[in-house]
Amino acid sequence: RIAYVNGRYLPIGAPAVPVEDRGLQFADGIYEVVKVLNGRFCDLDRHLARLERSLAALSIPMPMSRAALAAVMRETLRRNALSTAIVYVQINRGVAPRNHLFPEDVEPSLVVTVRRASLPKPRELAEGVRVITLPDQRWKRCDVKSVSLLANVLAKQKGAEAGCREVWLYDADGLVTEGSSSNAWIVDRDGRLITRPLGPEILGGITRSVILELAQTAGLEVVERPFSVEEAKAAREAFLTSTSSLVLPVTSIDGQPVANGVPGSITLELLARYRNHLQMPE
Ligand code: PLP
Numbered sequence: 003r004i005a006y007v008n009g010r011y012l013p014i015g016a017p018a019v020p021v022e023d024r025g026l027q028f029a030d031g032i033y034e035v036v037k038v039l040n041g042r043f044c045d046l047d048r049h050l051a052r053l054e055r056s057l058a059a060l061s062i063p064m065p066m067s068r069a070a071l072a073a074v075m076r077e078t079l080r081r082n083a084l085s086t087a088i089v090y091v092q093i094n095r096g097v098a099p100r101n102h103l104f105p106e107d108v109e110p111s112l113v114v115t116v117r118r119a120s121l122p123k124p125r126e127l128a129e130g131v132r133v134i135t136l137p138d139q140r141w142k143r144c145d146v147k148s149v150s151l152l153a154n155v156l157a158k159q160k161g162a163e164a165g166c167r168e169v170w171l172y173d174a175d176g177l178v179t180e181g182s183s184s185n186a187w188i189v190d191r192d193g194r195l196i197t198r199p200l201g202p203e204i205l206g207g208i209t210r211s212v213i214l215e216l217a218q219t220a221g222l223e224v225v226e227r228p229f230s231v232e233e234a235k236a237a238r239e240a241f242l243t244s245t246s247s248l249v250l251p252v253t254s255i256d257g258q259p260v261a262n263g264v265p266g267s268i269t270l271e272l273l274a275r276y277r278n279h280l281q282m283p284e
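Residue numbers (full-length UniProt numbering): 3 to 284.
Here it is, written out as structure tokens:
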């Protein structure tokens with residue numbers, strides 16, 4: 003595998019990141035994850051817009067123009083000879099002797115890697131996945147796609163140890179914020195689609211934004227409001243969305259089946275519409 007690291011294309015294992023990169027010392031950086039299907043970047047403009055927003059929130063300049071960054075992503079993809087892939091982009095504030103204050107006159111570091119996409123398996127889509135819920139222990143700017151992911155890592159690990167694909171995090175009021183690496187959705191008893199509104203408590207998922215538009219087109223009633231863990235357990239349907247999970251049915255929450263424990267019809271309808279949006283065959 004080949005990685006792009008600060009202007010060079012190198013074998014992924016090459017020692018290429020300086021020890022004093024602020025990404026290593028402070029997790030002072032942001033990232034993006036973009037899906038590639040059959041050589042086509044999915045929703046690339048939305049991902050690059052979010053990347054610019056994340057950088058602006060941390061006062062890190064773009065390391066190059068949007069078009070140049072897209073060209074680097076395409077070239078890294080090409081060098082890895084994959085057509086269905088996940089492209090990972092990370093931008094850190096730069097390299098400087100360790101000091102909390104922003105260093106002066108640094109250039110942001112840029113790393114791009116590519117790996118094979120691990121999309122949900124047909125069985126996961128057909129049967130749904132289990133989640134557990136845990137308190138959200140993350141910082142108060144989850145709208146920034148920061149590489150500071152320790153709380154997400156710890157939650158995901160606990161979930162895996164409990165045999166679960168994802169963990170739904172809840173705030174001090176018992177309201178679900180989102181998953182450790184996905185957005186959370188339910189369908190209520192009246193068939194309304196419910197997901198938490200954008201705000202500092204959640205990452206504005208690209209998949210979330212696409213699904214909201216597809217739901218509108220489908221004529222579904224959508225309510226962007228917080229929902230509680232209890233409400234989720236009593237919901238008619240539940241699912242999660244992310245770049246690599248697509249629209250993934252959630253059929254069990256904290257060991258309790260959601261409705262009758264099989265993926266719901268609205269979830270499957272949205273999955274079908276999302277696949278169509280991606281021009282992705284069944
Ligand atoms: N929320 C969190 C915390 C994430 O890490 C992710 C993506 O990995 C998402 C939501 C979903 O975002 P997207 O649909 O852009 O992949």
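All residues carry an ideal CB built from backbone N, CA and C; glycine is no exception.
For residue 122, which residues from the same chain have a beta carbon less than 7 angstroms from its beta carbon, with the 5 sequence-adjacent residues on both sides left out?
247, 248 and 250
Looking at the structure shown, is residue 149 part of a helix, part of a strand, or coil, going by DSSP?
coil
Under 7 angstroms from any heavy atom of ligand 1, does the C-beta of residue 180 make it?
yes
Around the C-beta of residue 23, are 16 or more other C-beta atoms found within 10 angstroms, so that it is buried, or is it exposed?
buried
By the three-class DSSP mapping on this structure, what secondary structure does residue 265 have?
coil
If you draw a straight line from the alpha carbon of residue 217 to that of residue 271, how long is it in whole angstroms?
9 angstroms
Can you tell me the Cβ-Cβ gap for residue 2 and residue 134, rounded? I've got them flagged as a contact below 8 angstroms.
One cannot answer for residue 2 here, as it falls past the ends of the chain, which runs 3 to 284.
Threshold first: 4 residues or longer. Then list the alpha helix (DSSP H) segments lying entirely within the stretch 209-244, N to C.
231-235
Can we count residue 198 as close to ligand 1, meaning its CB is less than 7 angstroms from some heavy atom?
no
Whole-Å CB distance - residue 104 paired with residue 117, under 8 angstroms assumed:
No, residue 104 and residue 117 are not in contact; Cβ-Cβ is about 32 angstroms, not under 8 angstroms.
Please classify residue 27: does DSSP put it in a helix, a strand, or coil?
helix
Can you look up residue 85 in the DSSP assignment and give me helix, strand or coil?
coil
Would you check if the stretch 225-236 and the stretch 78-94 touch, i.e. whether three or more CB-CB distances between them fall below 8 angstroms?
no
What's the gap between the Cα of residue 193 and the Cα of residue 174?
27 angstroms
Would you list the residues sitting across from residue 187 in a DSSP beta bridge?
197 and 241
So for residue 137, helix, strand or coil by DSSP?
strand
Going by DSSP in three states, residue 167 sits in which element: helix, strand or coil?
coil
For residue 123, the three-state DSSP class (helix, strand or coil):
coil
Which stretch, first to last residue, makes up the alpha helix (DSSP H) that contains residue 56?
46-59
Residue 150: CB within 7 angstroms of a non-hydrogen atom of ligand 1
no
Cα-Cα separation between residue 4 and residue 73, rounded to whole angstroms:
15 angstroms
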